[in-house]
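Trainee:
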Amino acid sequence: MKKKRVAIVIPEGLSGRGGIVRVTAYLTRHIQAHIPDIETHVYRSRYSDNAVLKHLTAPFALAAFAVKCGVGRIDVAHLNVAPRGSTLRKQLYQAVAKALGMRTVLHLHGSGYDEFYADLTVKHQAAVRAFFARADAVVALGDHWRRFMLTELRLPPAKVVEIPNGVPAAPAVARAPNAVPAIAFLGEVGHRKGVDVLIDALAQLKADGLTFAVTIGGNGDLETARAHAERAGVLDRIDFPGWVDEAGADKVLRGADLLVLPSRAENQPVAILEAMARGLPVVSTRIGGIPQQVLDGETGLLVEPDDVAQLAQALAALIQSPERRAAYGQAGLRRFEAHFSVAACAERFAELYRSL
Numbered sequence: 001m002k003k004k005r006v007a008i009v010i011p012e013g014l015s016g017r018g019g020i021v022r023v024t025a026y027l028t029r030h031i032q033a034h035i036p037d038i039e040t041h042v043y044r045s046r047y048s049d050n051a052v053l054k055h056l057t058a059p060f061a062l063a064a065f066a067v068k069c070g071v072g073r074i075d076v077a078h079l080n081v082a083p084r085g086s087t088l089r090k091q092l093y094q095a096v097a098k099a100l101g102m103r104t105v106l107h108l109h110g111s112g113y114d115e116f117y118a119d120l121t122v123k124h125q126a127a128v129r130a131f132f133a134r135a136d137a138v139v140a141l142g143d144h145w146r147r148f149m150l151t152e153l154r155l156p157p158a159k160v161v162e163i164p165n166g167v168p169a170a171p172a173v174a175r176a177p178n179a180v181p182a183i184a185f186l187g188e189v190g191h192r193k194g195v196d197v198l199i200d201a202l203a204q205l206k207a208d209g210l211t212f213a214v215t216i217g218g219n220g221d222l223e224t225a226r227a228h229a230e231r232a233g234v235l236d237r238i239d240f241p242g243w244v245d246e247a248g249a250d251k252v253l254r255g256a257d258l259l260v261l262p263s264r265a266e267n268q269p270v271a272i273l274e275a276m277a278r279g280l281p282v283v284s285t286r287i288g289g290i291p292q293q294v295l296d297g298e299t300g301l302l303v304e305p306d307d308v309a310q311l312a313q314a315l316a317a318l319i320q321s322p323e324r325r326a327a328y329g330q331a332g333l334r335r336f337e338a339h340f341s342v343a344a345c346a347e348r349f350a351e352l353y354r355s356l
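Position one of the sequence shown corresponds to residue 1 (the working numbering), numbered consecutively onward.
1. State the beta-bridge partners of glycine 233 as determined by DSSP.
2. For a test of the three-state rule: what should DSSP assign to lysine 2, helix, strand or coil?
3. Kindly indicate which three-state DSSP category valine 105 falls into: helix, strand or coil?
4. Check this for me: beta carbons of valine 404 and leucine 311, under 7 Å apart or not?
5. Measuring alpha carbon to alpha carbon, tell me which of Ala51, Phe65, Ala58, Leu53 ends up nearest valine 42.
6. Go to valine 122, then tell me how far its alpha helix (DSSP H) extends in each direction, as first and last residue.
7. On the DSSP bridge assignment, give the partners of isoleucine 216 in chain order.
8. DSSP state of serine 48, grouped into three classes?
9. Can you list, in chain order, the residues of its chain whose CB lies under 6 Å from that of arginine 264, leaving out five sequence neighbours each side?
10. Would you say the stretch 312-324 touches the stretch 198-215, given that touching needs at least three Cβ pairs under 8 Å?
11. Taking 8 Å as the threshold, find out whether the stretch 101-118 comes into contact with the stretch 74-86 through three or more Cβ pairs.
12. Residue range of the beta strand (DSSP E) that phenylalanine 340 falls in?
13. Hey, cysteine 69 and alanine 7: beta-carbon distance below 7 Å or not?
14. With C-beta atoms as the reference, is leucine 92 less than 7 Å away from leucine 62?
15. Is it true that the CB of alanine 229 sits closer than 7 Å to the CB of isoleucine 238?
16. Of all the options Gly16, Glu12, Gln293, which has the alpha carbon lying nearest to the alpha carbon of valine 167?
17. To the nearest angstrom, how far is it from the Cα of proline 11 to the Cα of asparagine 50?
18. Tell me whether the beta-carbon of leucine 106 lies closer than 7 Å to the beta-carbon of leucine 79.
19. Hey, could you find the ends of the beta strand (DSSP E) glycine 289 is sitting in?
20. Roughly how many angstroms separate the alpha carbons of proline 59 and glycine 16, rounded to a whole number?
21. Can you list the alpha helix (DSSP H) stretches of 4 or more residues lying completely in the stretch 233-319, in chain order?
22. Quick one: Cα of leucine 88 to Cα of proline 322, how far?
23. What's the gap between the Cα of histidine 30 and the Cα of alanine 207?
24. Going residue by residue through the stretch 41-94, where are the continuous alpha helix (DSSP H) segments of at least 4 residues, counting only ones entirely within it?
25. Whether or not the stretch 179-191 and the stretch 208-218 are in contact is what I'm after, with contact meaning three or more pairs of Cβ atoms, one per stretch, closer than 8 Å; do they touch?
26. Looking at C-alpha atoms only, which residue of Gln94, Glu266, Ala179 is the closest neighbour of proline 291?
27. Is DSSP giving glutamate 12 helix, strand or coil here?
28. Could you name the residues that DSSP lists as bridge partners for valine 138?
29. When burial is assigned at 16 or more other CB atoms within 10 Å of the CB, is lysine 90 buried or exposed?
30. If you draw a straight line from the C-alpha of leucine 27 to the C-alpha of alanine 137, how long is it?
31. Is phenylalanine 212 near isoleucine 287, with beta carbons less than 7 Å apart?
32. What does DSSP give as the partner residues of valine 167 in its beta bridges?
33. Helix, strand or coil, according to DSSP, for alanine 176 in the structure here?
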């Protein structure tokens with residue numbers, strides 16, 4: 001049996017942080033264990049996340065990719081793409097891959113790619129469209145991004161493949177509601193994920209006399225968030241553990257009653273899928289691919305971004321109703337099992353790789 005060899009490029013390899021790392025780790029582990037005709041190799045596109053060093057080290061990462069792929073006779077380059085610098089770097093990777101005779105897959109990640117594209121000059125928009133058009137296949141995480149690719153990037157429907165993110169199923173554990181409802185947030189602590197809106201909503205809940213405990217897990221601007229929480233009078237209700245790895249995220253979610261993610265921009269957040277896999281209801285925003293993940297009033301509640309009052313109201317509704325939390329959580333688990341398991345995701349990617 002001839003194996004299909006696939007090079008997957010992500011910013012800092014599997015040692016990095018963030019949703020794209022977690023998704024890639026889940027995908028490659030499943031393929032390695034269950035799909036013997038696909039062989040994956042993960043490459044990094046930079047050697048640091050430092051604002052300066054990540055640019056200085058990028059050429060060395062590209063050179064290493066070229067040498068290793070040439071020696072290893074890679075068949076497919078799976079290039080994960082996000083806005084801004086990622087798009088420029090992946091054009092270089094695409095050129096190298098094409099020169100080595102590899103097929104290329106562009107996999108659109110990162111929030112706000114539609115806004116990034118809209119802000120470009122006409123000339124640069126044409127360059128981005130050409131970049132995507134040169135790919136042998138383009139992966140959209142959901143219908144929102146598929147429509148963007150067809151209408152804005154003007155790709156032919158046959159080139160666009162819709163494959164959602166996938167995460168592993170979580171072992172079933174008996175869950176009883178916490179005496180004090182526990183709210184989990186997992187993601188980068190900052191403006192894009194709406195942490196400021198969350199803190200203001202928590203202040204409203206406290207003023208209304210509701211009890212709760214919150215874990216805000218993630219790297220980012222922790223000092224600004226702590227200072228905001230102190231000014232809002234809710235620092236005593238929030239734990240800021242900083243970055244949490246895969247095992248840490250599992251621990252946070254298993255101890256929670258619900259997940260909240262009031263983001264201003266998203267593609268398809270991994271944290272939401274990890275919560276659904278554990279039977280947790282989700283409170284989030286109507287942006288990007290989230291409405292395909294969370295069915296409003298069925299598996300969780302969706303609010304408008306930047307709306308503190310709506311967010312507080314949604315959180316209060318679930319804090320005060322263990323029955324509603326349980327019903328939404330079980331519906332979310334069923335939806336996860338039907339649409340977002342890593343097994344289904346990996347099989348879709350294997351089919352795509354084989355077709356190229």
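Cβ atoms here follow ideal geometry from the backbone N, Cα and C, with glycine treated the same way. Bear in mind the structure is a predicted one, so any value in this text is a computation, not a measurement.
Mentor: On the basis of the supplied data:
1. DSSP, once it has assigned bridges, lists no residue as partnering glycine 233.
2. coil
3. strand
4. An answer regarding residue 404 cannot be provided, because it is not within the stretch 1 to 356 covered by the chain.
5. Phe65
6. 122-133
7. Phe185
8. coil
9. Arg192, Gly194, Pro305
10. yes
11. yes
12. Element bounds for phenylalanine 340: n/a, residue is neither H nor E.
13. yes
14. yes
15. yes
16. Gln293
17. 12 Å
18. yes
19. Where glycine 289 is concerned, there is no enclosing beta strand (DSSP E), given that its DSSP letter is neither H nor E.
20. 18 Å
21. 246-254, 270-277, 290-293, 308-319
22. 48 Å
23. 46 Å
24. 53-72
25. yes
26. Glu266
27. coil
28. Leu106, Val160
29. buried
30. 18 Å
31. no
32. Ser341
33. coil
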